[in-house]
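2 protein chains.
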Amino acid sequence: MSQRVSESSRKRRAALSRERVLEGAVAIADADGIGALTIRSLAQHLGVKPMSLYYYVANKSEILDAIVDVVFSEIALPTVNGDWRSEIRLRAHSARTVLRRHSWAIGLLESRTTPGPDTLRHHDAMLGTLRSAGFSIEMTAHAYALIDSYVYGFALQEAALPFDGPDTVTTVAAPMIEQFPAGEYPHLVELATQHILQPGYDFGDEFDFGLDLILDALNRSIPEQDKVPPS
Amino acid sequence: MSQRVSESSRKRRAALSRERVLEGAVAIADADGIGALTIRSLAQHLGVKPMSLYYYVANKSEILDAIVDVVFSEIALPTVNGDWRSEIRLRAHSARTVLRRHSWAIGLLESRTTPGPDTLRHHDAMLGTLRSAGFSIEMTAHAYALIDSYVYGFALQEAALPFDGPDTVTTVAAPMIEQFPAGEYPHLVELATQHILQPGYDFGDEFDFGLDLILDALNRSIPEQDKVPPS
DNA sequence: GACACTACCATACTTTGTACGAAGCGACTG
DNA sequence: CAGTCGCTTCGTACAAAGTATGGTAGTGTC
């Protein structure tokens, strides 16, 4: 992470590198959203001129592909040791945390169809854990599609929530509800006033309910004799 | 909602309207992706000049908000009559179908935080169905977060699949796998060669497995005396 | 000293969103 | 019938963004 270039070579600034470009891209997207990530803003962030970046990346699309892979690299990998449910739960929580930190990544997933090496490594570890737990190949496909759908979908919903930074549920949702045409959305109002707007409610807490429900139900589908006992 | 302008007024072209603008926007996004949707392309599609659109929409962001709402309006609403599970299943399938037709919508969800009227109506109907089925308010919140996470997440994964049009799984996945460093992703290769690349496999079929698993598990969580019997 | 290689950059062109203001046209008024 | 008003459409222009093209400065090699 430090420069080993002689001080004379480049005035004072750390040398550029593909990694520094990607790091900078993630930093900008985290701070100001993916919309603020432009070649020019990234160059400025790095203290160079726009065209310099093209020495390290072919184009902006490649940057987007690469930072999605960076995001995957931050998600903790499950291992094949130990209880499969706690392993999967751990990586699910890790995925959610990472996707919350880089919430722009979810929107990118839809358009990026060339998975990077870290993404592939990630999928492979998940599949390995499920197979070792005793799931058949077919069941592994079912389970993985289910688990990842849930994790990504939950992250997507969290990202779409209108409160992110200083705003709280109350400051945003309450005025919104007041604007509803009277009686137009009765159940939405009921849920909001009687549950979501109550002090202490946190949408993020819903995550564990669904995750455990899914993992428990999946556990029931492993034939007894194939089950790998928790170590 | 119909034109009361005399035929002479505008040469031959149908009169512009906010609806026609949004329809056009959806058509372009469906055909060539959300990236192809520009003010200029949309204007050309409608046979007008770019600046004309700004009479009906404030800016492009409003168009994006609005077409997300259009997508929601296409999803079938569940009713409160009948078996809640089949109602929810129906709308889940509808949602998946619609999100497949408009796969660009998923990527937009993350950035659009101002739900439109059709979106709200949709949520309200879902909540109503769950409440009528006998779920407590708290349980309804759990269930809805779970169901929608799954549906959106599944749609997101489908959208991210590299094969969409004429490409089949085989033509895309097979060469991809061959490029893997040998032995780097053993479980991925196992799953691909022994299951996914087998004739007849369709990722879309995974949807029902997860959906039924979730609905059955949720059903178990309704207290017996609160259950509303299927009509 | 010629050369090549690496890392960075100046210029300029294209594509976008959109601000600003005007023009066409039907309806209504006098 | 001229004038004017409001609705709808458009011409022009500019700023921001991606990037093609072709440098150039520094460093090492023979």
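Protein sequences appear in the order of chains B and D.
The first sequence runs contiguously to residue 231 in our numbering.
The second sequence runs contiguously to residue 1231 in our numbering.
All C-beta atoms, glycine included, are put in the ideal place defined by N, C-alpha and C.
Chain-order list of chain B residues neighbouring residue 1217 of chain D: 213, 217, by C-beta distance under 7 Å. Contact check between the segment 1126 to 1140 of chain D and the segment 1213 to 1226 of chain D: three or more CB pairs, one atom from each, fall below 8 Å, which counts as touching.
When B/169, B/212, B/74, B/92 are compared, the shortest CA-CA separation from residue 155 of chain B is found for B/92. With respect to the C-alpha of residue 1138 of chain D, the residue from B/192, B/159, B/48 having the closest C-alpha is B/192. The C-beta distance from residue 1145 of chain D to residue 157 of chain B rounds to 7 Å, short enough to fall under 8 Å. Annotated three-state conformation of residue 1175 of chain D is helix, per DSSP. Under the Cβ criterion of 8 Å, residue 1038 of chain D is not counted among the residues facing chain B. In this structure, the beta-carbon distance from residue 201 of chain B to residue 172 of chain B does not fall below 8 Å. Under the three-state reduction of DSSP output, residue 1191 of chain D falls in the helix class.
Residue 1087 of chain D is classed as buried because its beta carbon has at least 16 other beta carbons within 10 Å across all chains shown. Taking CB atoms only, residue 1151 of chain D has a neighbour in chain B less than 8 Å away.
Put simply, the backbone Cα of residue 1106 of chain D is about 7 Å away from that of residue 1152 of chain D. Within chain D, the residues 1187, 1190, 1191 have their CB atoms less than 9 Å from the CB of residue 131 of chain B, given in chain order.
Pairing residue 102 of chain B with residue 29 of chain B gives a Cβ-Cβ distance under 8 Å. When the beta-carbon positions are compared, residue 120 of chain B and residue 67 of chain B stay at least 8 Å from each other. Closer than 8 Å to the CB of residue 1107 of chain D there is at least one CB belonging to chain B. DSSP, read as helix, strand or coil, puts residue 1152 of chain D in helix. The beta carbons of residue 160 of chain B and residue 1140 of chain D sit about 19 Å from each other, so the pair does not count as a contact at 8 Å.
Within the segment 1037 to 1095 of chain D, the complete alpha helix (DSSP H) segments at least 4 residues long are 1039 to 1046, 1060 to 1074, listed from N- to C-terminus. Annotation: Cβ neighbours of residue 103 of chain B in chain D (cutoff 9 Å, chain order): 1110. Here residue 1226 of chain D is near residue 1134 of chain D, since their CB atoms are less than 8 Å apart. Burial check for residue 54 of chain B: the Cβ neighbour count within 10 Å stays below 16, so the residue is exposed. Out of D/1052, D/1109, D/1051, D/1124, the CA that lies nearest to the CA of residue 184 of chain B is found in D/1124. Its Cα nearest to that of residue 214 of chain B, the residue B/143 stands out among B/196, B/174, B/143, B/180. The beta carbon of residue 1063 of chain D is closer than 6 Å to those of 1025, 1057 in its chain, skipping five residues each way along the sequence.
With respect to chain D, the C-beta atom of residue 97 of chain B has no partner C-beta closer than 8 Å. In this structure, the beta-carbon distance from residue 1073 of chain D to residue 1118 of chain D falls below 8 Å.
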